[in-house]
Amino acid sequence: MPTEVILPKVDMDMTSGRIVTWHVAEGAVVSQGAPLFDIETDKAAMEVESPASGRVHHQAALGIEVAIGTVVAWIYAEGEAVGPPPEHVTEKPVPRTSTADAPRQIAVPHTDLQKPRATPAARKAARDLGLDLATVSGTGPRGRVMRGDVGPISGLNAESGTLAVIRDGGTRGVPLVLLHGLAGDRYGWEPLMAELPSSQPVIRVELPNHGTSARMRADGFSDVLRQLRNTFDTLDCGPVHLVGHSLGGALALGLSDTRPRQVARLTLLAPSGLGPEVNGPALDGLIGATRAESLGPWLKALVADPDLMTPSFVEAAMRLRQDASLRAAQAQMAAVLFPDGTQAMDLTSALDRLEMPTRIIWGRRDRIVPWKHALRAPGRVSLNLFDNVGHLPHIEAAAAVARFLMPADQEVLSGD
Amino acid sequence: MNIAVVDSGLRELSYAEAIREAMDIALATDPRVVLMGEDIGVYGGAFQVTGDLIDKYGPDRVMDTPISELGGAGVAVGAALTGLRPIFEFQFSDFATLAMEQIVNQAAKLRYMLGGAVSVPLVMRFPAGSGTGAAAQHSQSLEAWFGHVPGLKVVQPSTPQDAKGLLLAALDDPDPVMIFEHKLLYKMRGPVPEGAYWVPLDKAEVRRTGTDVTVVATGIMVHKALEAAEVLAGEGIAAEVIDLRSIRPLDRDTVLASVRKTGRLTCVYEAVKTLGIGAEVSAMVAESDAFDYLDAPIVRLGGADSPIPYNPDLERAVVPQVPDIIAAVRDQARGAL
Amino acid sequence: MPDSNPENLPFAIRHYSPDQLRGALRKMILIRKFEEGAEDSYTRGLIHGTMHLSIGQEACAVGACMALSDDDKITSTHRGHGHCIAKGADVARMFAEFFGKETGYCKGRGGSMHIADVAKGNLGANGIVGGGLPIAVGAALSAKRLGTGAVTACFFGDGANNEGAFHEALNMASIWALPVVFVCENNKYGMSMSTERSTAVAAIADRAAAYAMPGVSVDGNDFSAVAETVEGAVARARAGAGPSLIEAVTYRWRGHSKSDRNRYRTKDEIAGWMAQDPVPRMAAMLRAHGVLEDEGLAALEAEVADEIAAAIQFAKDSPAPRVDHATRDVLTPSAA
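Protein chains in written order, with the numbering used here: chain A, 24 to 439; chain B, 6 to 342; chain C, -5 to 330.
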């Protein structure tokens, strides 16, 4: 007999909720205690763990209002025959709304109004664009349509859209949004992308003063974050799996903190922002190098195995850093973000607050940002430390990292 | 009125000293100016704001009044009506409740009732606010009461520089101006230009620029909001802090421009939240074109619906504190409201 | 025949010229006719709101103002029409104010209860009982500090003597020796409550003792007595000797306001006071001392009647304020 999975009551006055994410694909294997799905109520969003180990079948659809106690999936033991969903007796009717035809994004638990919930700014934008708000999916609390949900913000902020955005892969599924670190660019993600299914949508964003993104003066972390957020708000791709490396990790934290409903999952690779120490000379060396001979030693400092940094790799890296204005802009940015070899930003409280599934991946041989900063994370955050890896786990252990990024494969890796 | 261009140097004065310096300048340059109030003479004022001005100007210009708030305020009104420029100090703003008749029925309305035939160039100073352990009858923030009265102007300086410049501007103004000074700010030090200068009575000041949330604060809350903004900046949230400075009139343009930019508004004030300054600022935004730019519910942080308690922990609990501001602005910026 | 010994003549006859005396009587008649004209206009629906008539109290207002020049100030009360006229106001502009017209003293913003004539030193009637008392002290403070030599006469009623503002104001005027004369028009009732019921002391003048100033009670319907007492107090104030309290005992013939049903006093009481009408008393005194003949009085009365009729016509013909100017004059226009 398969084990039933119900929508649990997790809040005192909760009567119903919606499943917003399945962490395990239909038919895939899950272990007891592993995250199974995320639910959202009008008050909160939370992750629900699997009550048993086995294969998940008969999953309920996403985004539909379901009464507490309703069976939303069944878990079958290995080898158990999978037939039609078993009868169950615990289902309770949802007051007022039918589960079958409830509007997908619009939950109006306290009113019978069929008018979409939206902020004034979103309403105005929809008016201006001639959009029917009911067709817009709201990412705010209680399904509220926010300005950013309506479409790219233009005119509001002249700085938006100045960062380079590179899209790859298919269009189905939760996209990965990749944020590189200081002195990095879009190319640093290629080893990782090679390990991902080609259908996986991937969106790479280049930070200000990096790659082909605009050069702009940054007066602090919030400046950079704001630039990034402006671009993020224009991506128009629904909730994403946000991945940030090093400085990109700190930015990913800040972004998740301010756009929690647009980040379904967060993965941080050797992130900054969790402690004060950073290898200042290495940053200066990387950013300041004008030729392969001076860049090479610092690139080797990034990784556990210096042989990874072949002469041709170093030459290629230097070619991407030929532009003196790029180096100067990055130096200015580094001076502001990492003055005197110190991390000026502190994202620890943001990390404490985050509610989306979050994972930190770090190499124990990181010589740029000490992996022990990861211990600052709350117990809720998954942590994976790699023994023979330095500051670039997505390059040094690309295949392993790629598996962490594919949710359906998660339970396989958790047994490592 | 323009802000005089003066060489500020780096000289620092306390807020109380800055007010005293303004009064000193006024007494020295305008023989019509008189100071009136309880124990402002040899005692120097309950908060030592008038200090030793009596030594310089004598008891006819620095006048101790009996403990007669209503009568004293009325004498100041009558004197202002007939040629003097009184600066009337209430020992505590709470005591102005005894003088409401003269302030609200007379000072504020005489010009209007008489068809514009008179002006009442009166300045009143109100040491206000909680945080001194003086409990319910010596800790109130009543500025919104006065802000509700047409005919009065109401300002709340938050810095020594503004305390001096606003007082001099108030003295230059033909109408009654109520200045609410926070008692905890009297000892705060800051740069204060030498000589006379005037801070406009109707202009808010952007104390910190930001793009994510507009925080409109008054009086001592400006400092708490700035402290909160600093912490939030470390989390990537850029709060714009506006020092409202004037309760009446409200600087509509400054507030609306900021809200159009940020799309989010938090109001922070020590006075009781209900039916207060935050309600007025919020309504002003909601009634304006800036409404269309709002991308989150408006937040008001104000005093609890309670008298100010004596116990220090309770006293802190009933007015907004820095962590309250951080939490509220953060939630707003994160779209969690 | 009138007594020709100057020592035995009434103060007014000794102190004022025949022209001044005729002028004073004319003002008293003007007040009476003004109040009657206002009442008539009110009855005809030309005046809205309410009003407080001072018929029967004319000797107080005119007698007290005899000692004052245009530079001297008065503060007045809700029953202030008489004070305004006594201080020299133009009844046409007063009517215009009552009719709510732009040509009124307050441009139609104040009405009866805030009637003022700042140019003549009248700082205004006041809708708040006791409201003018501290203001008068402030005006006296200005006069003393600025050295103008002006004296302020503060009119107030018996009701105000139980307000805290009365006590605070008298105390401050005394400690600072300010040139102010407090003139209490005791017309026996604060709305319906008699002074016997409302006030602990027998005479309001007795309260002067508490503030170490002279306190005198006079017959408020006797022009000469009022004028004499106030002249003395004004001289004292001008000399720098400080304030005085004068209680002028009088009576209002009409109710407190237009809504008064007069249930708290008897017809006999009212009739008794009407028999002491201050206006004929004044006229009789002038006749007795050869200041005025019967023909002169009739001419005065006719002249006043014409003035009132013309004033009412002026008020009727005057333009109303513009509605879009309703909030003008809340604040003083900035110099810029």
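Glycine included, C-beta positions come from ideal geometry on N, C-alpha and C.
Is there a Cβ from chain C that is less than 8 Å from the Cβ of residue i?
| i | result |
| --- | --- |
| B/S124 | yes |
| B/S251 | no |
| B/V82 | yes |
| B/M289 | no |
Counting contacts by CB-CB distance shorter than 8 Å, is residue i in contact with chain B?
| i | result |
| --- | --- |
| A/T142 | yes |
| C/M45 | no |
| C/M166 | yes |
| A/L265 | no |
| C/S136 | yes |
| C/C178 | no |
| A/S372 | yes |
| A/F244 | yes |
| A/G40 | no |
| A/G163 | yes |
| C/C100 | yes |
Taking the alpha-carbon positions, what's the residue i to residue j distance?
| i | j | result |
| --- | --- | --- |
| B/D329 | B/L306 | 8 Å |
| A/A352 | A/N411 | 33 Å |
| A/M332 | A/L322 | 7 Å |
| B/L189 | B/A168 | 13 Å |
| C/Q51 | C/N2 | 26 Å |
| C/L280 | B/Q111 | 41 Å |
| C/R259 | C/G124 | 24 Å |
| C/M187 | C/N155 | 13 Å |
| C/R26 | C/V273 | 8 Å |
| C/G132 | B/E292 | 42 Å |
| B/A78 | A/M356 | 59 Å |
| B/S98 | C/L286 | 60 Å |
| A/I62 | A/P107 | 24 Å |
| A/S183 | A/A144 | The predicted position of A/S183 is uncertain, since its pLDDT is 39 and thus under 50; a value taken from the coordinates is nonetheless stated next. Taking the straight line joining both Cα atoms gives about 17 Å. |
| B/A276 | A/H203 | 47 Å |
| B/I45 | A/E378 | 58 Å |
Less than 8 Å between the CB atoms is what I'm expecting for residue i and residue j, so what's the real figure, rounded?
| i | j | result |
| --- | --- | --- |
| A/W212 | A/L230 | At roughly 13 Å, the Cβ-Cβ gap does not stay under 8 Å, so A/W212 and A/L230 are not in contact. |
| A/I391 | A/L406 | Contact flag wrong, Cβ pair sits at about 18 Å. |
| C/G126 | C/S70 | 6 Å |
| A/S269 | A/L205 | 6 Å |
| B/V227 | B/L255 | Actually they are not in contact, since the Cβ atoms of B/V227 and B/L255 sit about 15 Å apart, beyond 8 Å. |
| A/V89 | A/L30 | 5 Å |
Say whether chain A places a C-beta atom closer than 8 Å to the C-beta of residue i.
| i | result |
| --- | --- |
| B/E240 | yes |
| B/D300 | yes |
| B/A338 | yes |
| B/T267 | no |
| B/A309 | no |
| B/A297 | The question names Ala, but residue 297 of chain B in the sequence shown is Asp. For B/D297, the answer is yes, since a Cβ of chain A falls inside 8 Å of its Cβ. |
Applying the 10 Å Cβ sphere with the 16-neighbour rule, what's the burial state of residue i?
| i | result |
| --- | --- |
| C/G121 | buried |
| B/I72 | exposed |
| B/T34 | exposed |
| C/N(-1) | exposed |
| B/R269 | buried |
| A/D135 | Low confidence applies to A/D135: its pLDDT is 46, below 50, so where it sits in the model is not reliable, and the reading given next is rough at best. That one is exposed. |
| C/S253 | exposed |
| C/Q307 | exposed |
| B/S144 | buried |
| A/V28 | buried |
**Prompt:** Counting only runs that start and end within the stretch 239 to 323 of chain B, where is the beta strand (DSSP E) found for 3 or more residues in a row?
**Reply:** 244 to 248, 251 to 253, 270 to 277, 304 to 308
Check your understanding: If you scan the stretch 292 to 357 of chain A from start to end, which runs of the alpha helix (DSSP H) of 4 or more residues do you find wholly inside it?
Key -> 303 to 311, 315 to 325, 334 to 342
Within the stretch 204 to 241 of chain A, ranges of the beta strand (DSSP E) (whole runs, at least 3 residues): 225 to 228
Return the chain-ordered ranges of every alpha helix (DSSP H) run that is complete within the stretch 93 to 173 of chain B and spans a minimum of 4 residues.
115 to 118, 148 to 152
Q) Which runs of the alpha helix (DSSP H), 4 residues or longer, sit entirely within the stretch 38 to 105 of chain C? A) 52 to 59, 75 to 80, 85 to 92
*Scan the stretch 25 to 110 of chain A and note each continuous beta strand (DSSP E) run of 3 residues or more that stays entirely inside, going in chain order.*
26 to 29, 39 to 45, 58 to 63, 68 to 72, 77 to 80, 88 to 90, 94 to 99
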